[in-house]
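Novice: Residues in the sequence shown are numbered from 2 upward in steps of one, following this note's numbering. For each residue, glycine too, the CB sits at the ideal point set by N, CA and C. Let me give you the structure first, and then I'll get to my questions.
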Amino acid sequence: MPSDQRSAQPGPLSVAVDAGGTFTDIVLVDRGSGHRWEAKVPSTPDDRSRAFADGIAKVLSLAGRNAGEITHVLHGTTVATNAILERKGALAGLLTTAGLRHVLEIGRHDIPRHENLYSFTKPRRPIPPEQVTEARERLAVDGSVVTPLDEDDVRAAAAEFRRLGVQAVAVCFLHAYANPAHERRAAEILARELPGVPVTLSTEVLPVFREYERSMATALNAYVMPAVSTYVRRIEARLKEAGVAAPLLLMKSSGGVIRGEGAAKQPVQTALSGPAGGVVGARALGLQAGHPRLITLDVGGTSADISLIDGEPRLTTEGKVGDWPLTLPMIDIHTIGAGGGSIARVSPEGALLVGPASAGADPGPVAYRRGGEEPTLTDANLVLGRLPPSLLDGAITLDVDAAARAIESRVARPLGLSLHDAARGIVAVADNTMAGAIRVVSVQRGHDPVDFALLPFGGAGPLQGGAIARLLGMKRILVPSRPGVLSAEGLIAAPLRNEFARTVMLRAPIADPAPLAAAFGALDAEAAAWLLAEAVPEAAREIRWRAGMRYVHQGFELFVDWPGRSADPATLAAAIERFHDEHERLYTFAQRDTAVEIVTLEVTALGRLPGPVAERIAPAGAVEPVSHAVVQLDDGEARVPVWRRDTLGAGAVLKGPGIVVQMDATTWLHPGDVATMDAYGNLLVEVGA
């Protein structure tokens, strides 16, 4: 896309690095001109910091700039995620209150929906019972001391941890959220007895009630702490070697960034670091394009991540990472096993299935010619003519004949279909799977997809977006200018962010609002102090309040945004009304004559980072295709235009059917679709009938 700002003076640089399992994406932005450079390098699982450094070097070379010009380094990482999913975390110990040794084992009395009631076996916990020790102490629910901390028990626990050779220790005492004194004293003793072993406290990770969830979050933090802290040290060393003096900022699951040292102390905050970047980037792009209500669809090689943005991304405290609940604030992202590498097969009953098994990057789709034998969604799109003969600007050459043979032998022949009908079937199954996942984050949560624009990104998202929008009745699709690196671009749009929470258990109507005001005030002061310590300019600071509420006798609460930063009676009444409205929207009813319990208060501190100016593209000239392709439509074969994205200017209008190609993604326009390039290089697609 031709830039309209060629004469702008060079400005300071921000670099964002999104590390995936197969590729590491790098985006370099000149904050003065808004110009961007992007690069992809192979990820290096043996030492992920190497790909990080290689990528920065590559993108600096492309831009002709030097490392000393970088003032912000932002990073989305899967180190914590992989440690949890692959069960490769540290040997960690847990110190808890006497009598609560099995709190992680007992958990909740529920099983995953897809499991068999009679054969379900709970997955092994990150810290098994043999690595749990107890100390005699007890706090009441209000934080008052019932039994003082037995310091000899803590020393005995340290001796047991030393014998086991633990690499990290989690401390979670009953009701410690109401009084952190016992946990802090235990940490002092453990630090003295176990020098060099990191200690993490529940009152620092998740200082709210519910012992199982608080214990699990603390255990997971200890479980991933050695891996993440080692990784952060390596990254910082690589930056120093390269001459980058800028601080390292890592993406949190809640959609903000924190400094490297903060992530090393609370690494579990980065568990959904990568997907969160894409949602933050989508929100920024949507606001820029005038579409604040979006459903995002990030389709990669193995999975699809879906989220809903209604002005702001929806946060949840009911998330999971792998088999384990994680009740920290995080962007609500629904992930399914459907991507470009999803394998198509015929079940013994004769049903066509696509995913969740994936060919991944190695061997990858059959068309990659790397030894893959099972047809995938990518192979089906190639056979239908929707993909160009090579990807990543020629880095990957595709073998359409090999893809056709695989679909013919493994899908078409068993089902008695023609080659192209089988390929259409593979694509249709995948599209319906993704549409179903979108209904989970929209219809099942009180939203109609028709009221939102679909924003597909990732390497495979724009290829599938048109069909999925049709299945859901959606009328508009917004395709980013760089779909394959939007998660990296989202890092640049993310603010500094930290959350502060407290359990209060106050029943409304409240006769005396002083306790509520005091609790909110204390959290607000913590947030303000954090922003000051982070040296955020006053004009860039923002503090938000929200509260978790429920009807009396309900088991779980709903979080609603607090209207302002006051706890006076009028504001409290407005907040409770918001709770009733949200309950009615989600569950179709509200009990406005029932008492409401304010359970947890949360205050969020936001510090906006200097952002780049928006880079505009030059106006469109003549819109000419670079070639034509033969594509299999539903009603037969057609010769369609192929446009190259970087040759299109602002105002260019494209009419489907047609294909838009670029380095990092391919966009398929269905018959009847009309796409218009906006001033920033995004494609706004009006979905045809």
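With DSSP collapsed to three states, give me the class of leucine 195.
Specialist: Coil, per DSSP.
Novice: For valine 631, tell me which candidate among Val641, Val624, Gly622 has the shortest Cα-Cα distance.
Specialist: Residue Val641 is the option with its Cα nearest to valine 631.
Novice: Quick check on arginine 7: buried or exposed, where buried means 16 or more other Cβ atoms within 10 Å of its Cβ?
Specialist: Confidence at arginine 7 is low in this model, with a pLDDT of 47, below 50, so its placement is unreliable and the value that follows should be read with caution. Looking at its Cβ environment, which holds fewer than 16 other Cβ atoms inside 10 Å, arginine 7 is exposed.
Novice: Are isoleucine 478 and valine 686 closer than 7 angstroms when you measure CB to CB?
Specialist: Contact flag set, yes.
Novice: Could you check what DSSP says for histidine 76 in three-state terms: helix, strand or coil?
Specialist: If DSSP states are grouped into helix, strand and coil, histidine 76 belongs with the strands.
Novice: Which residues in the same chain as valine 662 place their Cβ atom closer than 7 angstroms to its Cβ, once the five residues preceding and following it in sequence are excluded?
Specialist: So the list reads Pro389, Val643, Arg645, Arg646, once near-sequence residues are dropped.
Novice: Roughly how far, in whole angstroms, is the beta-carbon of glutamate 375 from the beta-carbon of isoleucine 344, given that I think they are within contact range, below 8 angstroms?
Specialist: That pair is a contact at about 5 angstroms.
Novice: For the region 268 to 349, list the beta strand (DSSP E) runs that are entirely contained and at least 3 residues long, ordered along the chain.
Specialist: Those beta strand (DSSP E) runs which fall completely within the region 268 to 349 and span 3+ residues are 294 to 300, 305 to 311, 320 to 322, 325 to 327, 335 to 337, 343 to 347.
Novice: Alpha carbon to alpha carbon, what distance is there between arginine 32 and glutamine 592?
Specialist: Their Cα atoms are separated by approximately 50 angstroms.
Novice: With a 10 Å radius around its C-beta and 16 neighbouring C-beta atoms as the bar for buried, classify glutamine 465 as buried or exposed.
Specialist: Counting Cβ neighbours within 10 Å, glutamine 465 comes out buried, since at least 16 surround it.
Novice: What span of residues does the alpha helix (DSSP H) with valine 164 cover, start to end?
Specialist: Per the sequence shown, the amino acid found at residue 164 is arginine instead of valine. Where arginine 164 is concerned, the enclosing alpha helix (DSSP H) stretches over 152 to 165.
Novice: List in chain order: all unbroken alpha helix (DSSP H) runs of 4+ residues lying wholly within the region 74 to 124.
Specialist: Entirely contained in the region 74 to 124, the alpha helix (DSSP H) runs reaching 4 residues are, in chain order, 80 to 86, 104 to 107.
Novice: Given that a residue counts as buried once 16 or more other Cβ atoms are within 10 Å of its Cβ, and exposed if not, what is alanine 17?
Specialist: Counting Cβ neighbours within 10 Å, alanine 17 comes out buried, since at least 16 surround it.
Novice: What does DSSP give as the partner residues of leucine 507 in its beta bridges?
Specialist: Bridge partners of leucine 507: Ile599.
Novice: Compute the Euclidean distance between the alpha carbons of aspartate 452 and glycine 302, then round it to the nearest angstrom.
Specialist: Each residue's Cα considered, the two are about 28 angstroms apart.
Novice: With a cut-off of 8 angstroms on the beta carbons, I'd call leucine 75 and leucine 250 a contact; round off their distance for me.
Specialist: Contact holds; Cβ gap of about 5 angstroms.
Novice: Check for me: the beta strand (DSSP E) holding glutamate 638 runs from which residue to which?
Specialist: Counting along the chain, the beta strand (DSSP E) containing glutamate 638 begins and ends at 637 to 645.
Novice: Suppose contacts are defined by Cβ-Cβ distances below 7 angstroms. Is aspartate 311 in contact with arginine 294 by that definition?
Specialist: Yes; because the gap between Cβ atoms is below 7 angstroms, this pair is in contact.
Novice: Quick check on arginine 193: buried or exposed, where buried means 16 or more other Cβ atoms within 10 Å of its Cβ?
Specialist: The residue in question, arginine 193, is exposed, as its Cβ has fewer than 16 Cβ neighbours within 10 Å.
Novice: Identify every residue that forms a DSSP beta bridge with aspartate 562.
Specialist: In DSSP, aspartate 562 forms a bridge with Arg547.
Novice: Using the C-alpha atoms, what's the distance from leucine 327 back to lysine 89?
Specialist: Cα-Cα distance, rounded: 17 angstroms.
Novice: Hey, quick one: how far does the alpha helix (DSSP H) through valine 675 stretch, first residue to last?
Specialist: No alpha helix (DSSP H) holds valine 675; the beta strand (DSSP E) holding it covers 675 to 678.
Novice: List the residues that DSSP assigns as beta-bridge partners of histidine 629.
Specialist: Bridge partners of histidine 629: Pro642.
Novice: Select from Ala223, Ala277, Pro314 the residue whose C-alpha is nearest the C-alpha of lysine 266.
Specialist: The residue with the shortest Cα to Cα distance from lysine 266 is Ala223.
Novice: Between arginine 51 and the rest of its own chain, which residues show a CB-CB distance below 7 angstroms, the 5 nearest in sequence each way excluded?
Specialist: Result list for arginine 51: Thr45, in chain order.
Novice: Hey, alanine 218 and leucine 207: beta-carbon distance below 7 angstroms or not?
Specialist: Yes. Within cutoff.
Novice: Compute the Euclidean distance between the alpha carbons of glycine 673 and isoleucine 660, then round it to the nearest angstrom.
Specialist: Cα to Cα, glycine 673 sits roughly 13 angstroms from isoleucine 660.
Novice: Rank Leu416, Asp449, Leu472, Arg551 by C-alpha distance to the C-alpha of leucine 507 and give the top, closest one.
Specialist: Out of Leu416, Asp449, Leu472, Arg551, Arg551 has the C-alpha closest to the C-alpha of leucine 507.
Novice: Please classify serine 216: does DSSP put it in a helix, a strand, or coil?
Specialist: Serine 216: helix per DSSP, three-state reduction.
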